[in-house]
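Engineer: Sharing a structure here in structure tokens format.
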Amino acid sequence: MTTLNRRSLMKAVGAAATLSLVGTTAHAADKVKIGFIFLGPIGDYGWTWAHNKGREAIDAALGDKVETIYVENVLEDASAIPVIRDLAQQGCKLIFTTSYGFMDQTLTVAAEFPDVKFEHCTGFKRADNVSTYNSKFHEGRAVLGTIAGKMSKSGTLGYLGSYKVPEVVLGVNAFALAAQKQNPAATVKLVLIDSWFDPPKEAAATETLINLGCDIVTTHTDSPGPLQILEQKGLYGFGQGADMSAFAPTAHLTAIEDIWGPYYVARAQALVDGTWTSADTWDGMKEGTVVIAPYNPAIPADVVALADEIKAGYVAGTYDIFTGPIFDQDGVEKVKAGEVMGLEQLATIDWFVKGVESAS
Amino acid sequence: MSPEFIIASIVTIIGLTTPILLAGLGELVTEKSGVLNLGVEGMMLMGAICGFAATAFTFNPWLGVIGAAAGGALSSMLFAILVLQLNSNQVATGLALSIFGTGLSSLIGQSFTGRIVPQFGSIFPDVLAKDPIWKLLFGYSPLVYFALIMVPLTAWFLKSTRAGLILRAVGENDHSAHSIGYSVTGVRYAAIAFGGAMAGIGGAYFSMVITPMWAERMTAGRGWIALALVVFAGWRTGRLLAGAYFFGFLMWLELFAKANGFGNTMPFLQAIPSQFWAAMPYIMTVVALTLISSRGNVGASAPACLGKPFLPST
Amino acid sequence: MRIKLEKRPAPSTFMLIATPIASVLLTMLIGMLVFDAIGIDGQRAVVDIFLTPILASYKWQDVAVKAAPLIIIALGLSIGNRAQIWNIGAEGQYVIGALCAAGVGIAAGPDAPAITLIPMILAGIIGGAAWAAIPALLKIRWDVNENLTTLMLTYVSFQVLGYLVGGPWKDTNGRNFPATAPLPEQLTLPILFQGSTVHLGVAIALILPFIFWLIMSKSVFGFQIRVVGSAPHAARHGGFDAKQTIWAALLIGGGMAGLAGALEFTGSLKAVNLGFPSGYGFTAIIVAFLGRLNPIGCLIAGIVLAITYVGGQVAQTTVHIPNSTAGIFQAMMLFFILASDILIRYRVRFIPTKPAIADKKEARV
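Chains as they are written, first to last, in my numbering: chain A, 1 to 360; chain B, 1001 to 1314; chain C, 2001 to 2365.
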């Protein structure tokens, strides 16, 4: 059971299993296999849906050279290890594990298959055959914060998040800082529900934020549930990961769309060319991985102009929301006037900015 | 705390409560007949997907609710046949039903993820339903009113009708009920089906009202809370209603604490971890069950035949 | 024609062994038909779920690692079930066991010697048993129904888990993700075969059934458990203490679940996060029933259930059915085994219908 390669495996595997394992490759023997591990269902219209679009982009661009397979609904626990291993055993040469919670599992399997390349999304642990990649979602949050700060009547904004991980903290801070640029008195109430996908809890938490006076709620969890609640209450919110306007046509102001396609195609191409190396990639609006969905006509023209200005600034590389002075919740100056937070600071951030009201 | 905040919070709590109230009422009737069905979570999920699918096909949420009730009741029949015809162990069969319902609903639901279906409109005019004060009475989904009507109806059925009397007799002493000529099995079939239908409607409240969409395991363990609720209520309808609101209040409290709701006024309450509030319904249920079991005088007791197979001495 | 059940003079040994096998085969057959009916390649799904994990040698390690906790928990549960004590909260005892092991590990620090593993695993056993002691105490003191309390405490344990891994035990280098720090290398269970994931816990799971078998069949304690379950009145006359049996049933069940949790943590997961409870405690109930509450039966049944888990993951990639679909097969097996229980104690007779007024009491079946 030590070193397993496909050839020794073929001999050991019986006819029935061979049928099931090789069936998909029989006609595509020369194609390189690329595997995807998804956290949710590809039909979630959020995080996983966006990653699956990226997978489809590989099929479209390199369909004659590569073949992609995927597994949905993989839990972020030890049971992910055999699933990731399964893709490697099925002959995948490149495997994307698309959630933070697959980090240690990815490294475990990567150590067993040194000739297979791995790409772990949003993590920070790398190896010779494990790259990490992430997207500067907070740049999009700055656009959403600008819109929310300008459009909110109460000045109290809601933020529904999953965990206090850097990705969420950055999102909260960017949203709050951008809103405060439009309305210096704006505050952001934060709820972290300890889950990425729990529609009833997301819905109830959204209601709680509304009850506490928030008239715009943005979400950093993956279901369209909160938007449906906002739609029912006649309030506004934003889509997360993908354009969710179908679920809430009037409440959906815009959305942060995660566009993974260009990165996925580039990495697949590198694999085919034999130029793949372990790297840490953190792209954003400039590279086109974070895109703002079409605006709801309810957004006034002047607000659209402000939002577009931020967008253009990020695309041109001239704007950064994390430019000092920035104060934390207790009013301590964390970033001096004129200074810009560095990548390392951003990647490990664990404090909220002034005006964020959180439980801890 | 403004009156608007209190009213809005009550509306939220009533929303959180309705599914467990519906499922709890059904399970109460099932347990009153002497059958412990631990499959509530599975039946709720089957109801959630069947209700959603029926609405997707008919474009009519009312037909969706009927589909949800049918989905819940049909899955409960699997359980009924096993425990009533073949005298299988109720605890194990109920657990199997929960696992089965979770799996089957995911499989059926695969083709429904990401779909959008028509929703219930408000049954009252918007002037009342959207008013910050009057929404307290008029601002709910029809299923909320249905649940509230079912509480006194169930109480009346169990207490004052002949059928209800027979059902309770079957749950308290199946052998004597059998010897006077009542069909123990027949009564239990009906009680299990009712439990399944109500759990199904409770599940549909997730997929059709709170977040009108389908997601795997979207009931997120509420079926187990409904089970706890029946025990917490000491198998009494009135207490079930009160208990449901109390549990709903605790669920709301967890989120309120997560939103730092106590932070500015009551920091000592904010210091309590939010998991404490989430664990409370279960801890309180254990305490309540202990009180019920230790003293007969708390006005409640488990049906004497609960969970025991009926073996007529022929 | 009418079907009549006749009580057998003694339980049928043939049926005792034949029905679990028939249940598995029937599950495969019906699963195939149902899947075909809803437009999924049923044959492929059944082959992937039930056969690929056996036929593909590289899947064996996954089966072994999955089977270990199922077998260990089921062994403990079967003792309880034999004594008619229904502990359905093994999932909670499993979680608490893992947390206790993690607690000892954290207290010992990252430089603790490898020997610390022993107190960690002992803490797991004690923790699981202590969690099960609550329902045992309530049952003995006030006759509180143990299947409800064990179930409720399972959901309490999830909140304890959430509090600890999201609060005091959170990994300081984990960027605030709610999980404990990964165990240092020397505190993880030894791997049995170099290059595989098969850890010492698998060996324990292979040995324990035989120890349990010896205890159950050769010792007075085993005799007591069997008598209390099958003939409580006789047990009382025989001088067996019912309280003692309740304690034993629940503490052993909890201790075994705690052991499984500690082994899974130190051997396989190496960190505790919110995803730690993955349903082993509930699936082990199916294992216990499918194994006919017999220790060796639990060993075989644990492997069968582990196969469906691993196979379910295979089917996820090949026929794209959701992960929880494996649950349909697991539940069906339990349905069939429960339905066939009656065949052990009764004989089925087909009787030509008599026009006379049928005896109502018998017409039930």
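Where a beta carbon is used, it is the ideal one built from N, C-alpha and C, also for glycine.
For glycine 2031/C and methionine 2256/C, which I take to be in contact (beta-carbon distance under 8 Å), what is that distance rounded to the nearest angstrom?
Structural biologist: The count along the third sequence starts at 1 and reaches residue 2031/C at position 31. The count along the third sequence starts at 1 and reaches residue 2256/C at position 256. Not confirmed; about 30 Å, so no contact.
Engineer: Interface residues of chain A around alanine 2271/C at Cβ under 8 Å?
Structural biologist: Here residue 2271/C corresponds to residue number 271 of the third sequence, with the count starting at 1. Correct list: Asp104.
Engineer: Check this for me: beta carbons of proline 2011/C and proline 2110/C, under 8 Å apart or not?
Structural biologist: Reading the third sequence from its first residue, position 11 is the one you call residue 2011/C. Reading the third sequence from its first residue, position 110 is the one you call residue 2110/C. No, Cβ-Cβ distance for proline 2011/C and proline 2110/C is not below 8 Å.
Engineer: Pull up the CB-CB distance for glycine 2426/C and alanine 2083/C, whole angstroms please, since I reckon it's below 8 Å.
Structural biologist: Since the first residue of chain C shown is 2001 and the last is 2365, residue 2426/C is not available in this structure.
Engineer: Do isoleucine 34/A and leucine 144/A come within 8 Å of each other at the CB atom, strictly closer than that value?
Structural biologist: Along the first sequence, one-based indexing puts residue 144/A at 144. Along the first sequence, one-based indexing puts residue 34/A at 34. No, Cβ-Cβ distance for leucine 144/A and isoleucine 34/A is not below 8 Å.
Engineer: Go through its chain and collect everything with a Cβ distance to glycine 23/A's Cβ below 7 Å, but skip five positions before and after it.
Structural biologist: Indexing the first sequence from 1 puts residue 23/A at position 23. Caution applies to glycine 23/A, whose pLDDT of 40 falls short of 50 and renders its modelled position unreliable; the value that the coordinates give is listed next. Same-chain partners within the cutoff: there are none.
Engineer: Taking all protein chains shown into account, do 16 or more other C-beta atoms lie within 10 angstroms of the C-beta of tryptophan 49/A, making it buried, or fewer, making it exposed?
Structural biologist: For this step, residue 49/A is matched to residue 49 along the first sequence. By the neighbour-count rule (16 or more Cβ atoms within 10 Å), tryptophan 49/A is buried.
Engineer: Would you tell me roughly how many angstroms separate the C-alpha atoms of methionine 2015/C and serine 2023/C, rounded to the nearest one?
Structural biologist: Here residue 2015/C is taken as the residue at index 15 of the third sequence, counted from 1. Here residue 2023/C is taken as the residue at index 23 of the third sequence, counted from 1. Near 11 Å, if we compare the C-alpha coordinates of serine 2023/C and methionine 2015/C.
Engineer: Can you find a CB in chain A that lies within less than 8 Å of the CB of lysine 2360/C?
Structural biologist: Numbered from its first residue, the third sequence carries residue 2360/C at position 360. Only weak support is given to the placement of lysine 2360/C: the predicted model assigns it a pLDDT of 44, under 50, and the value that follows is read from those uncertain coordinates. Not one chain A Cβ lies under 8 Å of lysine 2360/C.
Engineer: In angstroms, rounded to a whole number, what distance separates the CA positions of histidine 27/A and lysine 65/A?
Structural biologist: Start at 1 with the first residue of the first sequence, and residue 27/A comes out as number 27. Start at 1 with the first residue of the first sequence, and residue 65/A comes out as number 65. At histidine 27/A, the pLDDT of 47 sits below 50, so the modelled position is not reliable and the matter cannot be decided from this model.
Engineer: In chain order, what residues of the region 70-98 of chain A put their CB closer than 9 Å to some CB of chain C?
Structural biologist: Cβ contacts with chain C come from Tyr70, Val71, Glu72, Asn73, Val74, Leu75, Glu76, Asp77, Ala78, Ser79, Ala80, Ile81, Pro82, Val83, Arg85, Asp86, Leu87, Gln89 and Gln90.
Engineer: Name, please, each residue of chain B whose Cβ falls closer than 7 Å to the Cβ of lysine 2322/C.
Structural biologist: Here residue 2322/C corresponds to residue number 322 of the third sequence, with the count starting at 1. It is proline, not lysine, that sits at residue 2322/C in the sequence shown. The contacting residues are Ser1106, Leu1107, Gln1110 and Glu1216.
Engineer: Are the C-beta atoms of asparagine 1060/B and some chain A residue less than 8 Å apart?
Structural biologist: Stepping through the second sequence from its first residue, residue 1060/B is reached at position 60. So, not an interface residue.
Engineer: So, helix, strand or coil for isoleucine 256/A, using DSSP?
Structural biologist: By one-based count along the first sequence, residue 256/A stands at place 256. The answer is strand: DSSP assigns isoleucine 256/A an E or B state.
Engineer: Please compile the residues from chain B whose C-beta is within a distance smaller than 8 Å of the C-beta of threonine 2317/C.
Structural biologist: For the purposes of this step, residue 2317/C is taken as residue 317 along the third sequence, with counting starting at 1. Within 8 Å Cβ-Cβ: nothing; threonine 2317/C doesn't reach chain B, min ~15 Å.
Engineer: Spatial neighbours of isoleucine 1192/B within its chain, please: CB distance less than 7 Å, with the 5 preceding and 5 following residues excluded, ordered by chain position.
Structural biologist: Within the second sequence, numbered from 1, the residue matching residue 1192/B stands at position 192. For isoleucine 1192/B, where only same-chain residues beyond five positions count, the Cβ hits under 7 Å are Thr1030, Val1035, Asn1037, Ser1076, Phe1079 and Ala1080.
Engineer: When DSSP builds the beta bridges, which residues end up paired with valine 2199/C?
Structural biologist: Along the third sequence, one-based indexing puts residue 2199/C at 199. Checking the displayed sequence, the identity of residue 2199/C turns out to be histidine instead of valine. Looking at the DSSP assignment, histidine 2199/C forms a beta bridge with Ile2191/C.
Engineer: If you draw a straight line from the alpha carbon of glutamate 1254/B to that of tyrosine 2155/C, how long is it in whole angstroms?
Structural biologist: The count along the second sequence starts at 1 and reaches residue 1254/B at position 254. The count along the third sequence starts at 1 and reaches residue 2155/C at position 155. Those two C-alpha atoms are separated by around 15 Å.
Engineer: Note the first and the last residue of the continuous beta strand (DSSP E) segment covering valine 335/A.
Structural biologist: Walking along the first sequence from the start, residue 335/A turns up at place 335. Per DSSP, valine 335/A belongs to the beta strand (DSSP E) from 333-335.
Engineer: At a cut of 8 Å, does the region 1153-1165 of chain B reach the region 1232-1241 of chain B through at least three beta carbon pairs?
Structural biologist: Output reads yes: the region 1232-1241 of chain B touches the region 1153-1165 of chain B.
Engineer: For leucine 1022/B, I'd like the list of residues in its chain whose CB is within less than 6 Å of its CB, leaving aside the five on either flank, ordered along the chain.
Structural biologist: For the purposes of this step, residue 1022/B is taken as residue 22 along the second sequence, with counting starting at 1. The answer, listed in chain order, is Ala1147, Met1198, Ile1201 and Gly1202.
Engineer: Tell me the rounded alpha-carbon separation between asparagine 1060/B and isoleucine 229/A.
Structural biologist: Mapped onto the second sequence, residue 1060/B falls at position 60. Mapped onto the first sequence, residue 229/A falls at position 229. Roughly 20 Å separates the two Cα atoms.
Engineer: With DSSP as the reference, label tryptophan 282/A as helix, strand or coil.
Structural biologist: Residue 282/A sits at position 282 when you count from the first residue of the first sequence. Three-state DSSP puts tryptophan 282/A in a strand.
Engineer: In whole angstroms, what separates the C-alpha of leucine 271/A from that of isoleucine 95/A?
Structural biologist: Looking up residue 271/A in the first sequence gives position 271. Looking up residue 95/A in the first sequence gives position 95. So the alpha carbons of these two residues sit roughly 11 Å apart.
Engineer: Taking C-beta to C-beta, are leucine 1167/B and serine 1002/B nearer than 8 Å?
Structural biologist: In the second sequence, the residue the question calls residue 1167/B occupies position 167. In the second sequence, the residue the question calls residue 1002/B occupies position 2. Against a cut-off of 8 Å, the Cβ pair of serine 1002/B and leucine 1167/B comes out as no contact.
Engineer: Compare the Cα-Cα distances from phenylalanine 2193/C to each of Leu2187/C, Val2202/C and Trp2086/C and report the closest residue.
Structural biologist: Here residue 2193/C refers to the residue found at position 193 when the third sequence is read from its first residue. Measuring from the Cα of phenylalanine 2193/C, the nearest candidate turns out to be Val2202/C.
Engineer: May I ask which residues mark the beginning and end of the beta strand (DSSP E) holding histidine 120/A?
Structural biologist: Position 120 of the first sequence, counted from the first residue, corresponds to residue 120/A. Start and end: 117-121.
Engineer: Which class does leucine 1306/B belong to by DSSP, given the choice of helix, strand or coil?
Structural biologist: Within the second sequence, residue 1306/B is the residue found at index 306, counting from 1. Correct three-state label for leucine 1306/B: coil.
Engineer: Straight-line CA distance for leucine 1104/B to isoleucine 2085/C?
Structural biologist: As a first step, residue 1104/B must be located in the second sequence, where it is residue number 104. As a first step, residue 2085/C must be located in the third sequence, where it is residue number 85. Approximately 30 Å, taken between the alpha carbons.
Engineer: Can you name, in chain order, every residue of its own chain whose Cβ lies under 7 Å from the Cβ of proline 41/A, other than the five neighbours on each side?
Structural biologist: Translated into the one-based positions of the first sequence, residue 41/A becomes position 41. Here the set comprises Thr48, Glu72 and Asn73.
Engineer: Which residues in chain A have a C-beta closer than 8 Å to the C-beta of leucine 2161/C? List them in chain order.
Structural biologist: Along the third sequence, read from residue 1 onward, the residue named residue 2161/C stands at position 161. The contacting residues do not exist; leucine 2161/C stays about 11 Å from chain A at best.
Engineer: What is the C-beta distance between proline 2053/C and valine 2314/C, in whole angstroms, given that I count them as a contact (C-beta under 8 Å)?
Structural biologist: As a first step, residue 2053/C is located in the third sequence; it is residue number 53 there, counting from the start. As a first step, residue 2314/C is located in the third sequence; it is residue number 314 there, counting from the start. Their Cβ separation, rounded to whole angstroms, is 7 Å, which keeps proline 2053/C and valine 2314/C in contact under 8 Å.
Engineer: If phenylalanine 322/A sits next to lysine 354/A, beta carbons under 8 Å apart, how far is it from one beta carbon to the other, in whole angstroms?
Structural biologist: For the purposes of this step, residue 322/A is identified with residue 322 of the first sequence, where counting begins at 1. For the purposes of this step, residue 354/A is identified with residue 354 of the first sequence, where counting begins at 1. Actually they are not in contact, since the Cβ atoms of phenylalanine 322/A and lysine 354/A sit about 14 Å apart, beyond 8 Å.
Engineer: Taking the beta carbon of tryptophan 1214/B as the centre, do at least 16 other beta carbons fall within 10 Å, making it buried, or is it exposed?
Structural biologist: Mapped onto the second sequence, residue 1214/B falls at position 214. Buried is the call here.
Engineer: In chain B, which residues lie less than 7 Å from glutamine 2330/C when you measure between Cβ atoms?
Structural biologist: On the third sequence, position 330 is the one that residue 2330/C refers to. Ile1099, listed in chain order.
Engineer: Are the C-beta atoms of isoleucine 1133/B and some chain A residue less than 8 Å apart?
Structural biologist: Your numbering for residue 1133/B matches position 133 in the second sequence. Answer no: the Cβ-Cβ gap between isoleucine 1133/B and chain A never drops below 8 Å.
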